[in-house]
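Structure record follows, encoded as structure tokens.
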Amino acid sequence: MIVNKIHNKLERLIDSLTISENQKLFLREKAYTLYNGLKKISQNLIPYWSSLYLSKDTYQYTLKGFWFEASFDMGLFIKNRFDVDIHFIFGKNNTDSLEQNNLIGSILFELLYSHLKVFQFNYRKYMKLLKDPPYIRAIPIRIDYNSISILFNCIPAIELPNGYLIIPNGLGEIKKIKPKSEIQTHSKINRKQNGRITKLVLLMKYWNFNWGKPIKGQLIEHLVEFIFDKIEIRSWDRAVKTFFSRVIYFLDKKKLLHHGIYTQLSILEEYSGDELNEFLEVLREAEIYAQKGKWQKIFNDL
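According to my numbering, the sequence shown holds residues 1 to 302 in order.
Encoded structure:
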């Protein structure tokens, strides 16, 4: 039997990136600390309105909850740092119907940014905003705790009565997602692949991280699920090559990747043509390295 040394090396790399149960608890504890602090601010934000220059559209919402990505519990632990997406969910303060037509991405970001700005002022040694407005898909922050740093990509969301969330679509407008369906679909495909989907998502997010994040981590997750819903994962090196080649094909042929559990639109619809072309160039470069067996160029730590 031929031993696949690259597969084994990638397996060890995945193991090194996978967080322990104690780390999961730590991560959730810090996320809850951030949420509880923001919720208190949300309930007492009126004194800050004049100094924050908030628009009228933001006054009618308060923070109601938060939601992690489907892959939150696997984390992404690189060089003593976590990299995690988290949605902060706002709801209306009254029972009037939600005027979705008045909502745009900038209003959602203004709503969350106002809370994070106050939180940073109150806990400047604990949390830091990593970027000033405007924002496209998320507000990046860092939470420092002893020698550990957590990078949170904070995504504003507004809850609808039917279980959907409204979030920024990356192009200045909004889109709908359904968290429960996303979690169920990830779990279903992951079970079918004996847990390999979660591992491959982690591996490809690590590549994305090392290459300067040319694409949003959530899209990596959706692409892995879309591609490997029908293709069995037998080795990590072959799976990585398949990921690169299939995504290149989709982008090159401008295929619409309909993923019914998210929206009826393509899972690529929130990215501009320039962004997708840039991503395509990065993918082609990475695929060449993979085909030539230059795995160190892709993952650095092999």
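Even glycine gets a Cβ: it sits at the ideal position worked out from N, Cα and C.
Cβ separation of residue i and residue j, assumed to be a contact under 8 Å, to the nearest whole Å
i, j, result
"residue 111", "residue 156", "6 Å"
"residue 85", "residue 209", "Not really, about 13 Å apart at Cβ, beyond 8 Å."
"residue 167", "residue 175", "6 Å"
Residues near residue i by beta carbon distance below 8 Å, same chain, minus five either side
i, result
"residue 142", "127, 128, 130, 149, 150, 151, 152"
"residue 116", "38, 127, 129, 139, 141, 154"
"residue 276", "251, 268"
"residue 64", "89, 90, 91, 159"
"residue 14", "199, 202, 203, 236"
Nonlocal neighbours in the same chain, by C-beta distance under 7 Å from residue i, ignoring five residues either side
i, result
"residue 247", "223, 283"
"residue 170", "136, 137, 270, 271"
"residue 113", "133, 139"
"residue 278", "214"
"residue 298", "207, 286, 289, 290"
Exposure of residue i, with buried meaning 16 or more beta-carbon neighbours within 10 Å
i, result
"residue 264", "A caution first: residue 264 carries a pLDDT of 39, below 50, which makes its placement in the model too unreliable to give a value."
"residue 109", "buried"
"residue 234", "exposed"
"residue 61", "buried"
"residue 217", "buried"
"residue 145", "exposed"
"residue 302", "exposed"
"residue 124", "exposed"
"residue 296", "exposed"
"residue 307", "Outside the shown range of the chain, which is 1 to 302, sits residue 307, and nothing can be said about it."
"residue 28", "exposed"
"residue 225", "buried"
"residue 81", "exposed"
"residue 12", "exposed"
"residue 25", "exposed"
Pick from the options that is closest to residue i, judged by C-alpha positions
i, options, result
"residue 215", "281, 121, 161, 165", "281"
"residue 293", "241, 63, 276", "241"
"residue 158", "173, 91, 132", "91"
"residue 40", "122, 13, 211", "122"
"residue 193", "245, 177, 163, 232", "232"
"residue 118", "42, 239, 18, 288", "42"
"residue 221", "115, 201, 230", "201"
"residue 230", "268, 188, 199", "188"
"residue 177", "89, 23, 14", "89"
Straight-line Cα distance separating residue j from residue i
i, j, result
"residue 67", "residue 87", "5 Å"
"residue 9", "residue 16", "11 Å"
"residue 204", "residue 31", "24 Å"
"residue 172", "residue 133", "13 Å"
"residue 105", "residue 38", "20 Å"
"residue 237", "residue 6", "6 Å"
"residue 219", "residue 300", "22 Å"
"residue 164", "residue 4", "44 Å"
"residue 228", "residue 198", "11 Å"
"residue 36", "residue 195", "32 Å"
"residue 244", "residue 18", "22 Å"
"residue 20", "residue 34", "21 Å"
"residue 274", "residue 211", "18 Å"
"residue 162", "residue 107", "21 Å"
Other residues of its chain near residue i: CB distance less than 6 Å, five sequence neighbours each side excluded
i, result
"residue 260", "Legend: pLDDT at residue 260 = 46, less than 50; position of this residue unreliable, value from coordinates given subsequently. Closer than 6 Å at Cβ, skipping near neighbours: no residue."
"residue 120", "127, 129"
"residue 239", "200, 233"
Below-8 Å beta-carbon distance, residue i vs any chain C residue
i, result
"residue 135", "Of the chains in the structure shown, none is chain C; there is only one protein chain."
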